[in-house]
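Everything in the sequence shown is counted per the working numbering, starting at 95 for the first residue and increasing by one.
See below for the structure under consideration.
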Amino acid sequence: GLVGSEMCIRDRFYTMKLDYFTKDIGMMPEIIIGTIVVYIAVIIFTRIFGLKSFSKMTGFDFVNTVAIGNLIGMTIATSNPKLLLGILLIGLLYLANYLVSLLRFRSKSARKHLDNSPVLIMRDGQILYDNLNKVEITENELRGKLREANVIRLNEVKAVILETTGDVSVLHLSLIHISEPTRPERIS
95 GLVGSEMCIR DRFYTMKLDY FTKDIGMMPE IIIGTIVVYI AVIIFTRIFG LKSFSKMTGF
155 DFVNTVAIGN LIGMTIATSN PKLLLGILLI GLLYLANYLV SLLRFRSKSA RKHLDNSPVL
215 IMRDGQILYD NLNKVEITEN ELRGKLREAN VIRLNEVKAV ILETTGDVSV LHLSLIHISE
275 PTRPERIS
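Structure (structure tokens):
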């Protein structure tokens, strides 16, 4: 059997394991109510400021979505920030994103300074290496995006564009429309 210190270690181990699961059980009503309140607040803010708040049309939209998600999680799970402060901060993020969007929409100068420009990284089956290097995308990453778009041969590609959001758009022809006698380079 177990003696002295071995029993103490075993008992401490089981106590620690049980505490891990039950330590904060008394906070469950607070967490449930907080989750419901934050969820309702997000629905209200989304109705006020529009669904664009969660779009990934611009870098600002993406950062806003990540920040809001982080604040929601922190407010609900850690109560830091406290519930009302968390809701206020989430509302301020919605407002800031709305104001930036409004500024961009109304001012060409603001768009010029705030927005990235799309970058053409492939045209008519040819990789534009200068642009690829400028945006720091490797050829393997590009080929991965081509495979995701079901491109089999490079000559199928009309254009590949790195969008302002960081997404890659691949515009290509289907294999049915290609009638080239030569064997074009395959995507590997």
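Glycine residues also receive a C-beta, built at the ideal position from the N, C-alpha and C atoms.
Residue pairing of V251 in beta bridges, as defined by DSSP: H266.
Distances from the alpha-carbon of V194 to those of G185, I184 and R205 put R205 closest.
The C-beta distance from I231 to L256 rounds to 7 Å, short enough to meet the 8 Å contact threshold. In terms of Cβ geometry, T258 and G153 form a close pair [threshold 9 Å]. Straight-line measurement puts the Cα of D224 at about 16 Å from the Cα of R237. Here the segment 185-193 makes no contact with the segment 206-217; the two share fewer than three CB pairs at distances below 8 Å. Membership of V213 in the beta strand (DSSP E) is indicated by the continuous run V213 to R217. Between the beta-carbon of S147 and that of N164 there is about 15 Å, and that puts the pair past the 8 Å contact cut. Counting only the Cα atoms, V132 lies some 16 Å from M121. Going by beta carbons, I170 and T129 fall inside the 9 Å limit. In chain order, N174, P175 and G180 place their CB closer than 8 Å to the CB of M168, counting only its own chain and leaving out the 5 sequence neighbours on each side. Counting the other Cβ atoms within 10 Å of the Cβ of L197 gives fewer than 16, which makes it exposed.
Around the beta carbon of F199, a 10 Å sphere encloses fewer than 16 other beta carbons of the protein chains shown; the residue is thus reported as exposed.
Straight-line measurement puts the Cα of E233 at about 42 Å from the Cα of R141.
Looking at L186, I126, G185 and L187, the one whose alpha-carbon comes closest to that of T172 is I126.
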